[in-house]
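Numbers -15 to -1, 1 to 385, taken from mature numbering (1 follows the signal peptide of the UniProt record, and there is no 0), label the letters of the sequence shown in order.
Cβ atoms here follow ideal geometry from the backbone N, Cα and C, with glycine treated the same way.
Remember, it's a predicted structure, so these values are computed and weren't measured experimentally.
Working notes for the structure below.
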Amino acid sequence: MGAKLLWLCLASALAAYYIYSPIPAGLGQPWKVMLLDTGFRAMGHLVKQLGLMHYMDVLMLITFSECVAPSSDENVTVTDTEFSGVAVRLYLPRKAPEGLRRAVVYVHGGGWCLGQAGMKGYDLLSRWTSHRLNAVVVSVNYRLAPKHHFPVQFDDVYAVTKFFLQRSVLSRYSVDPHHVGIAGDSAGGNLAAAVAQQLLEDSEVETKLKAQALIYPALQTLDLNLPSYQENKHSPILSRLLMVRFWSEYFTSDPSLRQAMASNAHVPVESSHLFQFVNWSHLLPEEMKKDHVYTGPVYSSPALAQKYPGFLDPRAAPLLASDARLHGLPLTYVLTCEHDVLRDDGVMYVQRLRAAGIPVVHHHAKDAFHGAMMFVSGLTELAVGHQLANGYMAWLNENL
Ligand SMILES: *[C@@H]1O[C@H](CO)[C@@H](O)[C@H](O)[C@H]1NC(C)=O
Ligand SMILES: *[C@@H]1O[C@H](CO)[C@@H](O)[C@H](O)[C@H]1NC(C)=O
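Below is the structure:
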């Protein structure tokens, strides 16, 4: 009911505020994508005009209207519980295990500010994964910004993963310790990648991850003017400004960081050595550089980085990890979308992981935009959503 009401509001917002949003050529079902994107933008404008709510609150409301209660079906038992004091939604296959099962820790997206394991798209993806792979899925409901800032989101996902990886816990769920992976999309891909890195340095963890799957992940804070940011400034669902908003909100609600990030001048010269890890002039393949010219960084005063050191921390920006820290990472799947500000983050991580000797499967979806994998049901269903979800699950099925 809530969802219907919101869609009705959205439809009227659409009628009242028609906002032209250019849809990049090459996307499948372009009219539907434009309608969805226009709907989201119209909603944002309506709220701003009426001054009713904070833009983030509206996005939060849309998120909640998309949530479903935990409900088991004939194949999967679904419950909400807590691991190590952090809320998780647990998916257990109904079929009696023949021997031990595989397992996936799933981290949802939403710019560290939004999202829920119970959102329709995430719930379906976890259900499908659990059933098709006969696997346990632990979908993490980590705490969100603006109420909580970095490193709370990271710490929550880390605590859940570490708790789950204990032999005694794995055996309680009949999980094979040699077949546990972590996966996430967007901000969840960021958290999954960061957690996988940190686990390598934790001597208390005896179970190693078998695989990590990073779905259009956000991986770096340093350069918010990469070719993909420039090309997709106004691409559907995630504009450059919204991404800047999400990044800055992860660390603080202080608008000075957002403003500095928006002009891509937030890193002090003292941290200039970090730019080698996000230097697209040698980390991007030729065909992705197109006509872009690498100009190098613009530096800020050290004040912002002193106040909010999180944005230079590899736990927030896994691409900033040194080469030595990448060794030992598990088998990796990276999905990038052509029409996505975060495209080059994923592509550069693929390049760096391969250089560090990590086996990586890189799927670059030329006809997709950021977040497309979530569009798998109801009014917002898109063919590309199913293609991406199926590709991801097929990889997991073969490699986990
Ligand atoms: C349960 O699994 C069967 C066989 O794979 C499938 O046909 C059915 O649609 C599944 N049920 C649900 C609710 O997904
Ligand atoms: C980026 O890499 C290019 C070589 O491709 C180099 O000339 C440039 O100095 C590098 N810039 C930084 C900031 O690392």
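| Asked | Found |
| --- | --- |
| Would Asp325 be called buried (16 or more neighbouring beta carbons within 10 Å of its own) or exposed? | buried |
| According to the Cβ coordinates, are Leu297 and Val252 closer than 9 Å? | yes |
| Could you tell me the alpha carbon to alpha carbon distance between Val123 and Lys218, rounded to whole angstroms? | 34 Å |
| Assuming Arg87 contacts Ala120 under a Cβ cut-off of 8 Å, what Cβ separation, rounded to an integer in Å, is found between them? | 4 Å |
| Is the beta carbon of Leu155 closer than 9 Å to that of Thr114? | no |
| Which partner residues does Phe354 have in the DSSP bridge list? | His324 |
| For ligand 2, any of its heavy atoms closer than 8 Å to the Cβ of Ser266? | yes |
| Give a single yes or no on whether Glu366 has its beta carbon closer than 8 Å to a heavy atom of ligand 1. | no |
| Would you mind working out which of Ala290, Asp161, Pro15 and Met333 sits nearest Gln261, comparing C-alpha positions? | Met333 |
| Does the beta-carbon of His163 have 16 or more other beta-carbons within 10 angstroms, so that it is buried, or is it exposed? | exposed |
| Rounded C-beta distance between Leu320 and Ile200? I'm assuming under 8 Å. | 5 Å |
| With the cut-off set at 9 Å, would you say Val90 and Gly166 are in Cβ contact? | yes |
| Less than 7 Å between C-beta atoms, sequence neighbours within five positions excluded: which residues of the same chain meet that for Met(-15)? | In this prediction, Met(-15) has a pLDDT of 49, which is less than 50 and means its spatial position is unreliable; what the coordinates show is noted afterwards. So no residue of the chain qualifies. |
| Where DSSP assigns a beta bridge to Phe68, which residues make up the other side? | Val71 |
| Whose C-beta lies closer than 6 Å to the C-beta of residue 391 among residues of the same chain, with five residues either side of it excluded? | In the structure as shown, the chain starts at -15 and stops at 385, and residue 391 therefore has no counterpart that could be examined. |
| Quick check: is any heavy atom of ligand 2 less than 8 Å from the C-beta of Pro282? | yes |
| Answer with yes or no whether the minimum CB distance from Ser213 to chain C is below 9 Å. | No chain C is present in this structure, which holds just one protein chain. |
| Under 8 Å Cβ to Cβ from Leu314, same chain only, skipping five residues before and after it: list those, please. | Ala181, Gln182, Leu185, Gln197, Leu338, Ala341 and Ile343 |
| Kindly examine ligand 1 and report whether one of its heavy atoms sits closer than 8 Å to the Cβ of Asp141. | no |
| Using a threshold of 8 Å, is the CB atom of Ser257 nearer than that to any non-hydrogen atom of ligand 2? | yes |
| How should Tyr293 be labelled, buried or exposed, when 16 other C-beta atoms within 10 angstroms of its C-beta is the threshold for buried? | buried |
| According to DSSP, which residues form a beta bridge with Ser285? | Pro253 |
| With a CB to CB cut of under 6 Å and the five nearest residues on each side skipped, what residues in its chain are close to Phe135? | Tyr235, Phe236, Gly295 and Ala301 |
| Using the DSSP secondary-structure output, state which residues sit across from Val121 in a beta bridge. | Ala88 |
| Measuring from the CB of Glu186, is there a heavy atom of ligand 1 at a distance below 8 Å? | no |
| Measure the beta-carbon distance from Gly94 to Ser171 and round it to whole angstroms, keeping in mind my assumption that it falls under 8 Å. | 3 Å |
| To the nearest whole angstrom, what separates the beta carbons of Asp330 and Ala203, a pair I think is in contact under 8 Å? | 6 Å |
| Could you tell me which residues DSSP pairs with His347 in its beta bridges? | Val319 |
| Would you please state the rounded distance, in angstroms, between the beta carbons of Val263 and Leu304? I believe it to be under 8 Å. | 6 Å |
| Mark Arg79 as exposed unless 16 or more other C-beta atoms lie within 10 angstroms of its C-beta, in which case mark it buried. | exposed |
| Is it the case that the Cβ atoms of Glu272 and Pro9 are separated by a distance below 9 Å? | no |
| Does the contact criterion of 3 or more C-beta pairs under 8 Å hold for the region 94 to 109 versus the region 45 to 54? | yes |
| In angstroms, rounded to a whole number, what distance separates the CA positions of Tyr279 and Tyr158? | 50 Å |
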